[in-house]
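Enquirer:
Structure follows, in structure tokens:
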């Protein structure tokens, strides 16, 4: 049956990205198959002979299983994906690896890297405020996805690093994460608290003392001490953090990197994808194209003669067939109208349309099928 | 309008509607608001992250931090709507605590992001605290909270218990304790989990349900399974068999056209039944199914269809499993 294939008429391909880019970032609204797309791009690149690592964030269980990841428990170290047809042979050079982002341990690694010695690192790592915020600081997960990408990219071990971004209503957070961290470190209150390592009692800056007073009034004295201590110890690694944020910001705009936006044909998803494409273009980020996923198949139309013959049938199983045919056709037509908006917006880049499958992708074979469509091997 | 339906739609004062990204939880929250208003309730719809389009979908203006009437139902209730931005919740909170200009100036000098960075979960807690105040003041018969999407719903609801690990004293702790008490009282607050009849969303709904029932101590309303394909038993036959049983002769081209949709529909319906059975038997909660609407762009009319579908007898998990 051709019902699931005829929705897919790829008007583009990511074949050049998977064979030559060093970094691919997939982004888009939640629930559109972003992680699956990232994994399928990884499969395509491995099959093209490259050594690839895919960084995932919170993958669905079945996909995590397919990638050999233990869902629920973050596995921060890359793990080799086995069972890929065509690359598990001796002469093949391609390799696919995957890991699940663990924001807290990436932050820990950053602290270790940026501190002069183990004692300094421990002072930060054991601070209760640090422990509480390293996984939840506003934008921390987005920043850590980018930080992990930088670590993997600079390690020199990989031909291609693919990063799937955290689900975010404002997916743009990711792109702004390095700048936001710099903004945080430049905040006058933060500066006063850390400059010169003064004792808390001697903090004279009005804004900073008010800040501490506000925190004390709201959350009690213990957290004030921890907070001041945390900001002080952070001061040791601040130049490193600032430098790193700057490097990442440059890397994401370089020729080595490229962005792929993933969407579905639903109006809300398309709206978010449009917003994201605008932000990528405004920010001068390299933009490879759009994957529009989960498109309903378009049934073959009934001829006017057939329709006339079926006009008067009463209730029954055939009426079910007819009403279902009409409903699926209406939905498929209106989805194509919605996604035409996105295709227009991305007319100078690749647009790949993928059908909603009767069965979701849940194993390596499914990823291979998707990979073929993403690189135009349909 | 059946009694059991009215019973569950109005069984609590604060209903937090949650679901992973892409399952349509905001739309379901809006349909719920409409259904309850049709039953006569004065409903306040609260969008936590202020996603655009919700006010117009309910028939009013775009939501902002002012409480506004979006829609009046003749002879019944009404839907009001608002957002709760964290900084406004912060200001209201300070005012409520009687802390005067000094602390407010301190807060603005330091800026909420700085304080929030030092006190993780504070922004969520402030928003929940504001909802708690609205509930205590009986600001509406029913407050429907459109919770943050994706992975943020559980941290949002856990902020109260999570903060007490870091914060040992002070008004933030008091606030956390009071919010926690509201979340644990089913007469005051319950959660409505929204999912889709597909494998991954169902797995995630099961995880979310266990997390909310366990850690957070929230009572759960019936599960809402959104975007269900309509039941069409005739699809279990081929077009040719279906035609024979209705004594109609199909041309070859008509058979092929109908087969091009029915194969896809049959597979999706089978999977839908499997997933609804799995959800029912794993969680043992009653369920409501909402139809998949044949449009990618929802209007007020569609919202009415979903509101109607919410006000039906519940599907008990056992009954569903046996069909």
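Chains as they are written, first to last, in our numbering: chain A, 569 to 946; chain B, 29 to 351. Every residue gets a Cβ at the ideal spot worked out from N, C-alpha and C, and that includes glycine.
(1) Which one of 343(B), 279(B), 328(B), 288(B) has the shortest CA to CA distance from residue 89(B)?
(2) Among residues of its own chain, excluding the 5 on either side of residue 64(B), which ones have a beta-carbon nearer than 6 Å to its beta-carbon?
(3) With 16 other CB atoms within 10 Å as the buried threshold, where does residue 354(B) fall?
(4) Taking any Cβ of chain B, which residues in the segment 603 to 630 of chain A have a Cβ under 9 Å from it, in chain order?
(5) Quick check: the segment 226 to 246 of chain B against the segment 622 to 641 of chain A, are there 3 or more CB pairs under 8 Å?
(6) Do you know how far the Cα of residue 696(A) is from the Cα of residue 897(A)?
(7) Quick one: what's residue 647(A) bridged to in DSSP?
(8) Exposed or buried, residue 912(A), counting other C-beta atoms within 10 Å across all chains shown (16 or more means buried)?
(9) Could you give the distance in angstroms between the alpha-carbon of residue 653(A) and the alpha-carbon of residue 605(A)?
(10) Where residue 719(A) and residue 117(B) are concerned, what is the direct C-alpha to C-alpha distance, given to the nearest angstrom?
(11) To the nearest angstrom, how far is it from the Cα of residue 42(B) to the Cα of residue 687(A)?
(12) Which whole runs of the alpha helix (DSSP H) in the segment 55 to 108 of chain B are 4 residues long or more, in chain order?
(13) Which whole-angstrom value is the C-beta distance of residue 300(B) and residue 257(B), which I expect to be below 8 Å?
(14) Are the CB atoms of residue 241(B) and residue 248(B) nearer to each other than 8 Å?
(15) Going by DSSP, name the residue or residues bridged to residue 825(A).
(16) Residues of chain A with CB closer than 8 Å to the CB of residue 270(B), please, in chain order.
(17) Would you kindly work out how many angstroms separate the C-alpha atoms of residue 4(B) and residue 836(A), rounded to a whole number?
(18) Should residue 685(A) go down as buried or exposed, given a rule of 16 or more other Cβ atoms within 10 Å for buried?
(19) Along the beta strand (DSSP E) that carries residue 856(A), what are the first and last residues, could you check?
(20) Between the C-alpha atoms of residue 680(A) and residue 603(A), what's the straight-line distance to the nearest angstrom?
(21) Does the distance from the CB of residue 337(B) to the CB of residue 324(B) come in under 8 Å?
(22) Taking Cβ-Cβ distances below 8 Å as the criterion, which residues of the segment 590 to 601 of chain A are in contact with chain B?
(23) Mapping the DSSP letters down to three states, classify residue 111(B) as helix, strand or coil.
(24) Taking the beta strand (DSSP E) that residue 874(A) falls in, what are its first and last residues?
(25) Taking Cβ to Cβ, would you say residue 625(A) is nearer than 8 Å to residue 669(A)?
(26) Looking at chain B, is there any beta carbon in it that lies within less than 8 Å of the beta carbon of residue 797(A)?
(27) Tell me whether the segment 271 to 287 of chain B and the segment 307 to 321 of chain B touch, counting them as touching only if at least three CB pairs, one residue from each stretch, are closer than 8 Å.
(28) What residues from chain A crowd round residue 160(B), counting only those whose CB sits closer than 7 Å?
(29) So residue 666(A) and residue 693(A) are supposed to be a Cβ contact under 8 Å. How far apart are they, rounded?
(30) At a Cβ threshold of 8 Å, is residue 652(A) touching chain B?
(31) Using a Cβ-Cβ cutoff of less than 6 Å, which residues in the same chain neighbour residue 185(B) once the five nearest sequence positions on both sides are dropped?
(32) Buried or exposed for residue 347(B), please, with buried defined as at least 16 other CB atoms from any protein chain shown within 10 angstroms of its CB.
(33) At a CB distance below 9 Å, what residues from the segment 62 to 88 of chain B approach chain A? Give them in sequence order.
(34) Taking beta-carbon pairs under 7 Å, can you tell me which members of the segment 250 to 261 of chain B lie near chain A?
(35) Would you mind giving the Cβ-Cβ distance between residue 920(A) and residue 580(A), rounded to the nearest angstrom? I have them listed as a contact below 8 Å.
(36) Pull up the distance between the alpha-carbon of residue 767(A) and that of residue 797(A), whole angstroms please.
Expert: Inspection of the coordinates gives the following:
(1) 328(B)
(2) Short of 6 Å from the beta carbon of residue 64(B), and not among the five residues preceding or following it, lie these beta carbons of its own chain, in chain order: 37, 71, 170.
(3) A question about residue 354(B) goes unanswered here, because the residues of chain B that appear run from 29 up to 351.
(4) 625, 626, 628, 629, 630
(5) yes
(6) In this model, residue 897(A) and residue 696(A) are separated by some 57 Å (Cα to Cα).
(7) By DSSP's assignment, residue 647(A) forms a beta bridge with 666(A).
(8) exposed
(9) Going by the C-alpha atoms only, they are around 18 Å apart.
(10) 39 Å
(11) 49 Å
(12) 82 to 85
(13) 6 Å
(14) yes
(15) In DSSP, residue 825(A) forms a bridge with 591(A).
(16) The contacting residues are 884, 885, 886, 888, 889.
(17) Since the first residue shown for chain B is 29 and the last is 351, residue 4(B) is missing from the structure and cannot be characterised.
(18) Residue 685(A) sits exposed, since fewer than 16 C-beta atoms from the chains shown fall within 10 Å of its C-beta.
(19) 855 to 863
(20) 29 Å
(21) It is not a contact, given that the beta carbons lie outside the stated cut-off.
(22) 597, 598, 599, 600
(23) Residue 111(B): strand per DSSP, three-state reduction.
(24) Run containing residue 874(A): none in the beta strand (DSSP E); it sits in the alpha helix (DSSP H), 872 to 877.
(25) Cβ atoms of residue 625(A) and residue 669(A): closer than 8 Å.
(26) No, because no Cβ of chain B sits closer than 8 Å to the Cβ of residue 797(A).
(27) no
(28) Under the 7 Å cutoff, chain A gives no residues; its nearest Cβ is about 17 Å from residue 160(B).
(29) Rounded, the Cβ-Cβ distance is 27 Å, inconsistent with contact.
(30) no
(31) 244
(32) Bear in mind that a pLDDT of 46 at residue 347(B), under 50, signals an unreliable position, so the number given afterwards is only what the model happens to contain. Result: exposed.
(33) 77, 79, 80, 81
(34) 260, 261
(35) 5 Å
(36) At residue 767(A) the pLDDT is 45, less than 50, meaning the model places this residue with poor confidence; the figure from the coordinates comes in the next sentence. When rounded, the distance between both Cα atoms is 10 Å.
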